[in-house]
Amino acid sequence: DTGVSQDPRHKITKRGQNVTFRCDPISEHNRLYWYRQTLGQGPEFLTYFQNEAQLEKSRLLSDRFSAERPKGSFSTLEIQRTEQGDSAMYLCASSFTGTGLSLYFGPGTRLTVT
Amino acid sequence: DQQVKQNSPSLSVQEGRISILNCDYTNSMFDYFLWYKKYPAEGPTFLISISSIKDKNEDGRFTVFLNKSAKHLSLHIVPSQPGDSAVYFCAAFTGNQFYFGTGTSLTVIP
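If you read the sequences in order, they're chains A and B. Here our numbering is used: the first residue of the first sequence is 905, the next is one more, and so on. Here our numbering is used: the first residue of the second sequence is 782, the next is one more, and so on.
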């Protein structure tokens, strides 16, 4: 297992369409996070899972956004009725609650809404 | 509100010299701090972390210093190399969440 993977790497969609992104975390990691990043900003928290349970969602996450992590393995992030303001890099990260603390990011999915 | 701040958007350093990247935070409940490096079109790469019970952690050319009374941490890179040119983010952790700064773009000049 070489790290966190995300698919697709790039997505161009028209406004109003639905998109779904997938994240495969590092296999032994029980925590999974979704972040959004725009130019000149740091990663912005969207939501967090511990195993299959979604424990926290940002207030910034509108009801057009939904995330799942069935069976506590991979996760999907869906955006319904996309808007131009949704254009950003969507980052997935995973973490293990053991000795010390770290958070490992995937390569991200670049979403462009036209 | 921005709980983690990186007030220098950019920094240029000569190859071989020390790079010092700074980060300030406001929440005294943060119990872990991390530094990440990011190249364009890639996800952030974890560099080094420090627990709030320590004041220094070293890993090769990278050293992180934590000053809890000043709510300040810094990343020292010695010696700096051209391959270190990237955007560096500091992050802080409490509860279940990580909070990120806005990043500092480091350019190491050969």
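C-beta atoms are modelled at their ideal positions from N, C-alpha and C, and glycine is treated no differently. As the structure is a prediction and not an experimental result, all values here were calculated from the model.
Check: Exposed or buried, GLN941 of chain A, counting other C-beta atoms within 10 Å across all chains shown (16 or more means buried)?; Outcome: buried
Check: Given a cut-off of 8 Å, decide if SER866 of chain B and LEU887 of chain B are closer than it, judged by their beta-carbon atoms.; Outcome: yes
Check: Take the Cβ of MET810 of chain B as the centre, count every other Cβ of all protein chains shown within 10 Å, and call the residue buried at 16 or more, exposed below.; Outcome: exposed
Check: I'd like the list of long-range same chain contacts for HIS933 of chain A, defined as Cβ closer than 7 Å, with 5 residues on each side in sequence excluded.; Outcome: SER998, SER999 and PHE1000
Check: Using a C-beta cutoff of 8 Å, does TYR994 of chain A count as contacting chain B?; Outcome: no
Check: Rounded to the nearest angstrom, what separates THR951 of chain A and VAL859 of chain B at their Cα positions?; Outcome: 36 Å
Check: Report yes or no: do the region 982-994 of chain A and the region 910-921 of chain A share at least 3 C-beta pairs separated by less than 8 Å?; Outcome: yes
Check: Is the Cβ of GLY944 of chain A closer than 8 Å to any Cβ of chain B?; Outcome: yes
Check: In chain B, which residues lie with their C-beta within 7 Å of the C-beta of LEU1005 of chain A?; Outcome: TYR813, SER830 and PHE874
Check: Which of the three DSSP states is assigned to LYS852 of chain B in this structure?; Outcome: coil
Check: Since PHE949 of chain A meets chain B, which of its residues come closer than 9 Å, beta carbon to beta carbon?; Outcome: GLN878, PHE879, TYR880 and PHE881
Check: Between the region 822-854 of chain B and chain A, which residues of the former have CB atoms less than 9 Å from a CB of the latter, in chain order?; Outcome: ALA822, GLU823, GLY824, PRO825, THR826, PHE827, SER830 and SER832
Check: Could one say the Cβ of GLY864 of chain B lies closer than 8 Å to chain A's Cβ atoms, at least one of them?; Outcome: no
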